[in-house]
Amino acid sequence: MTANLLDFDLEGLAAWCGSLGEKRYRAVQLFRWIHQKGAADFDRMSDLAKSLRAQLATGAELRALPVAAEHRSADGTVKWLFDVGAGDAVESVYIPEAERGTLCVSSQAGCAVGCRFCSTGHQGFSRNLTTGEIIAQLWHAEHSLRGTLGLAEGARAVDNVVMMGMGEPLQNYAALVPALRTMLDDHGYGLSRRRVTVSTSGVVPMIDRLRVDCPVALAVSLHAPDDALRDSLVPLNRKYPIAELLAACVRYLEAAPRDFITFEYCMLDGVNDSVGQAHALVQLLKPRLACKLNLIPFNPFPASGLKRSPAERVQDFAHVLQDAGIVTTVRKTRGDDIAAACGQLAGEVQDRTGAGARMARRRVEIPIALEGRA
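First residue of the sequence shown? That's 11 in our numbering, and the numbers climb one at a time after it.
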């Protein structure tokens, strides 16, 4: 069977090259050609032995993802829709900023978690992506952007990666970790552990495994100050409630490249955005661990039944946190004109799980559950 070389981190590629009778340094050369130079044509890899190039031509390939669509925002944000076969597609988003270029990468076609405010979750879950499909998003973005941005040789377009695209990364752990290692490898993309972030809705056992296997920056989708509300917004909370989640975050800090955990909090009008709930959040988080709060304006979609919190209420909420000494930012929306903002990534994933019907039922149930939460 033809090997997709994007599926391998450096250790995996060294083992594969070893099976061909090649030494480790050949794998390093090949890895550099693929990830640093963006080469897909083995004939271009001039410092590889001809015999190895011949073996690569018959037994290997670099399987890039077909680009089904590309959209460019007026603010410079770029969104790609990648075809992953069988009617499924995933999206990646590049966000240029003055101090960095961030790529938002997908880990699954759809998502099984079903967070109430997330368009991707509303589509349901189709399948996990392979390591090669995760890395192919970065490979395409990095090497296509170098040309369109007119970067000098050796300059990077992407120097910050966030696993915040479609899917729950920690529910695709086996494919995620080799992808992270490729991002971090100096022979690959050479990203700092501080510049690679895994965002999770709270898969506690996998947070503990990531701490040991490949500790990078961690972002946790919190969205509520108590279990009753979070059960309604993030169904995974019923399995891993807030106390267990925060305990895992404390353990993660032992190995984390940053001395804090980022908590993401999507601001939902009349649901989780009151001053009282801000004070409850302070009482929940401050005694337990060093953290940063990222308040995210909700990006409405018709099936959610939710609305974005007014800007003044978001500021009032933020002031409570800041006054308590918690570093708090309000995320600036980017790519709104191409539906590229947080929670909007839906691609063309088919709803094969009945997620849409479940969401509709919960839209009726949630306001009842939230009565009195002013």
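For glycine and all other residues, C-beta sits at the position ideal for the given N, C-alpha and C.
Would you list the one or two residues that DSSP bridges to T207?
The count along the sequence shown starts at 1 and reaches residue 207 at position 197. According to DSSP, T207 bridges with V172, A227.
Short Cβ contact (8 Å threshold) for L186 with L148
Counting from one through the sequence shown, the residue named residue 186 turns up at place 176. Counting from one through the sequence shown, the residue named residue 148 turns up at place 138. For L186 and L148, no; Cβs fall outside 8 Å.
Give me, in chain order, the residues of the same chain whose beta-carbon lies closer than 6 Å to that of C27; leave out the 5 immediate sequence neighbours on both sides.
Translated into positions along the sequence shown, residue 27 becomes position 17. Result list for C27: R36, A37, in chain order.
For the beta strand (DSSP E) containing M11, name the first residue and the last one.
Here residue 11 is taken as the residue at index 1 of the sequence shown, counted from 1. Where M11 is concerned, there is no enclosing beta strand (DSSP E), given that its DSSP letter is neither H nor E.
Bridge-paired residues (DSSP) for T339
Here residue 339 corresponds to residue number 329 of the sequence shown, with the count starting at 1. N304.
Would you report the Cα separation of A170 and S242, rounded to the nearest angstrom?
Looking up residue 170 in the sequence shown gives position 160. Looking up residue 242 in the sequence shown gives position 232. The question names Ala, yet the displayed sequence has Asn at residue 170. Answer to the nearest angstrom: the Cα atoms are 32 Å apart.
Alpha-carbon to alpha-carbon, N247 and G22:
In the sequence shown, the residue the question calls residue 22 occupies position 12. In the sequence shown, the residue the question calls residue 247 occupies position 237. Using only the alpha carbons, I get a separation of about 35 Å.
Do H329 and C276 have their C-beta atoms within less than 8 Å of each other?
Taking the sequence shown and counting its residues from 1, the one referred to as residue 329 is at position 319. Taking the sequence shown and counting its residues from 1, the one referred to as residue 276 is at position 266. No, Cβ-Cβ distance for H329 and C276 is not below 8 Å.
I need the DSSP call for P281, collapsed to helix, strand or coil.
Counting from 1 along the sequence shown, the entry for residue 281 is found at position 271. One detail in the question is off: residue 281 reads as Val in this sequence, not Pro. V281 falls in the coil class under three-state DSSP.
Using the C-alpha atoms, what's the distance from K302 back to D269?
Walking along the sequence shown from the start, residue 269 turns up at place 259. Walking along the sequence shown from the start, residue 302 turns up at place 292. Each residue's Cα considered, the two are about 10 Å apart.
Which first and last residues belong to the alpha helix (DSSP H) in which F92 is found?
Against the sequence shown, residue 92 aligns to sequence position 82. Where F92 is concerned, there is no enclosing alpha helix (DSSP H), although the beta strand (DSSP E) it sits in stretches over 88-95.
Consult DSSP for E21 and reduce its assignment to one of helix, strand or coil.
As a first step, residue 21 must be located in the sequence shown, where it is residue number 11. E21 falls in the helix class under three-state DSSP.
Excluding five sequence neighbours on each side, which residues of the same chain lie with their C-beta closer than 6 Å to the C-beta of A122?
The residue you call residue 122 lines up with position 112 of the sequence shown. Result list for A122: F135, in chain order.
Could you check how far apart the C-beta atoms of I252 and K296 are, in whole angstroms? I think they sit under 8 Å.
Against the sequence shown, residue 252 aligns to sequence position 242. Against the sequence shown, residue 296 aligns to sequence position 286. Not a contact, Cβ separation roughly 14 Å.
Are the CB atoms of A119 and M176 within a distance shorter than 8 Å?
Counting from 1 along the sequence shown, the entry for residue 176 is found at position 166. Counting from 1 along the sequence shown, the entry for residue 119 is found at position 109. Yes. Within cutoff.
Mind checking which residues open and close the beta strand (DSSP E) that includes C114?
Stepping through the sequence shown from its first residue, residue 114 is reached at position 104. Run containing C114: 111-114, per the beta strand (DSSP E) assignment.
Tell me the DSSP secondary structure of C276 in three-state form.
In the sequence shown, counting from the first residue as 1, residue 276 sits at position 266. Strand at C276.
Nearest residue (CA-CA) to V94, options M11, T140, A300
To locate residue 94, count along the sequence shown from 1; it is residue 84. Comparing Cα positions, the closest option is T140.
What does a CB cutoff of less than 6 Å around R63 pick up in its chain, not counting 5 residues either side in sequence?
Against the sequence shown, residue 63 aligns to sequence position 53. So the list reads F52, once near-sequence residues are dropped.
Give the straight-line distance between the Cα atoms of N304 and L239, rounded to the nearest whole angstrom.
As a working mapping, residue 304 is identified with position 294 in the sequence shown. As a working mapping, residue 239 is identified with position 229 in the sequence shown. The alpha-carbon atoms of N304 and L239 are separated by roughly 19 Å.
Please report the straight-line C-alpha distance between T158 and C128, rounded to a whole angstrom.
On the sequence shown, residue 158 is found 148 positions in, with the first residue counted as 1. On the sequence shown, residue 128 is found 118 positions in, with the first residue counted as 1. If you take the alpha carbons of T158 and C128, they lie about 31 Å apart.
Buried or exposed for R126, going by 16 or more other Cβ atoms inside 10 Å?
Reading the sequence shown from its first residue, position 116 is the one you call residue 126. Classification for R126: buried.
Where R362 and Y183 are concerned, what is the direct C-alpha to C-alpha distance, given to the nearest angstrom?
Here residue 362 refers to the residue found at position 352 of the sequence shown. Here residue 183 refers to the residue found at position 173 of the sequence shown. Since pLDDT at R362 reaches only 44, below the 50 mark, its modelled position is unreliable, and the value read off the structure follows with that caveat. If I take the Cα positions, the gap works out to 22 Å.
Length of the line joining the Cα atoms of P320 and R110:
To locate residue 320, count along the sequence shown from 1; it is residue 310. To locate residue 110, count along the sequence shown from 1; it is residue 100. Rounded to whole angstroms, P320 to R110 spans 29 Å at the Cα level.
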